[in-house]
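Residue numbers (the working numbering): 22 to 312. The beta carbon of each residue, even a glycine, is placed where N, CA and C say it ideally should be. Here the structure is a predicted model, which is why all the values come from computation and not from measurement.
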Amino acid sequence: MIFWYLAGHLIESTILPLEIIFEHRMYLPSVALALGTVLIGFDFLSAYIDNQKLILLIFVISLMITGGATYTRNLDFKDALTFYRAEIKKFPSSRRLRMDLAVTLNRAGEYAEGGKRLAKLAEDYPNDIAIRQNWYNFVVIIEKNLQKSELIYQDIIRLIRQGHYDKNRDAESLRKLAMYLRENGEFERALFLLDCLLKDYRIHDSLWFQKGLCYVGLNDWDLAAEMFFQAWKIRPDDPAILYWYGKVLVHLGELDKGCQFLKKAARNPIDKEGVVLSQDLLKEACNKRFE
């Protein structure tokens with residue numbers, strides 16, 4: 022069991038590249054490989070070596086090697102940056118590792134190296150939307166180069182229209198970009214990305230919710246109500262959806278219905294900020310105190 026654990030840890034963390042480890046269906050085969058290695062080694066020693074002292078010596082040496090290697094490997098896990106630097110030395114061509122290292126460098130404040138790595142990734146993978154989304158974030162937030170970020174954004178749109186968007190690989194990147202654009206007042210651009218996502222994820226409440234917030238920003242309250250309604254059908258107890266749907270309905274003059282949603286949002290014990298906002302709006306628009 023000790024060797025199984027140590028061998029399994031080393032195989033999972035040192036020998037197999039992360040692209041395989043991240044594929045969860047590979048976990049059991051890799052564990053089986055570790056167990057098989059231990060069992061075969063044990064059978065070999067039992068069949069061909071009769072000297073018990075020699076077997077014990079091999080056991081101790083093997084335990085020292087695997088234990089020491091495991092301890093040394095664990096030092097790479099002290100922080101994300103150390104981990105990715107160690108991994109990239111073993112698998113320098115891994116696209117996933119290269120991007121994770123670049124993003125981690127930027128989070129650690131090492132912008133010069135992080136930005137350089139992102140630019141190189143964008144050059145090496147011209148059709149990768151996820152890489153370009155991370156590069157866009159770096160250019161617009163860190164470098165504050167609006168002209169350059171606009172070119173990257175247009176490149177992302179071009180890739181989408183040319184059919185390079187992969188829902189399994191790029192959906193989260195588009196969602197993050199849409200949220201950033203919405204938070205910075207780029208409502209129409211955010212709506213374009215959200216519509217792309219909704220073609221494949223129509224039951225994802227957060228996408229409808231983000232569309233609702235975009236239409237609020239555009240002062241299109243009717244469409245906002247429609248979007249929040251779609252989100253509410255999927256998650257009828259979400260406090261943020263209840264609050265915004267109720268607020269929009271009140272704005273549209275549907276006081277009875279809107280106040281009912283606000284009352285539900287105000288009863289939520291988790292979202293304290295939402296409770297306060299809902300209570301304030303209840304008092305102001307519905308002319309009643311929450312009880």
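I'd like to know if the segment 122–131 and the segment 153–164 are in contact, where contact means that at least 3 CB-CB pairs between them fall below 8 Å. yes
Nearest-angstrom beta carbon gap, residue 115 and residue 151 [assumed within contact, 8 Å]: With a Cβ gap of about 14 Å, residue 151 and residue 115 do not count as contacting.
Please report the Cβ distance between residue 188 and residue 221, rounded to the nearest whole angstrom; I am assuming they are in contact, meaning their Cβ atoms lie under 8 Å. 4 Å
Kindly indicate which residue of 223, 279 and 81 has the alpha-carbon position closest to the one of residue 246. 279
Mapping the DSSP letters down to three states, classify residue 256 as helix, strand or coil. coil
Determine the DSSP secondary structure at residue 63, reduced to helix, strand or coil. helix
In three-state terms, what does DSSP make of residue 235? helix
State whether the segment 262–280 contacts the segment 235–252, with contact taken as three or more CB pairs (one from each stretch) at a distance under 8 Å. yes
Give me the Cα-Cα distance between residue 264 and residue 155, rounded to the nearest whole angstrom. 32 Å
What is the DSSP secondary structure of residue 69, reduced to helix, strand or coil? helix
Please state if the CB of residue 215 and the CB of residue 192 are separated by a distance shorter than 8 Å. no
Measuring only the C-alpha atoms, how far is residue 107 from residue 62? 29 Å
Residues in its own chain within less than 7 Å of residue 170 by CB, not counting five upstream and five downstream? 157, 160 and 161
Can you tell me the Cβ-Cβ gap for residue 109 and residue 117, rounded? I've got them flagged as a contact below 8 Å. Their Cβ separation, rounded to whole angstroms, is 10 Å, which puts residue 109 and residue 117 out of contact at 8 Å.
Using only CA atoms, which one of 207, 129 and 283 lies nearest to residue 302? 283
Please work out which residues of its chain come closer than 6 Å, Cβ to Cβ, to residue 211, disregarding the five sequence neighbours upstream and downstream, and give them in chain order. 199, 202, 203 and 235
Integer Cβ distance of residue 277 from residue 256, believed to fall under 8 Å: The pair is not a contact, with the Cβ atoms about 22 Å apart (cut-off 8 Å).
Is the distance from the Cβ of residue 132 to the Cβ of residue 163 below 8 Å? yes
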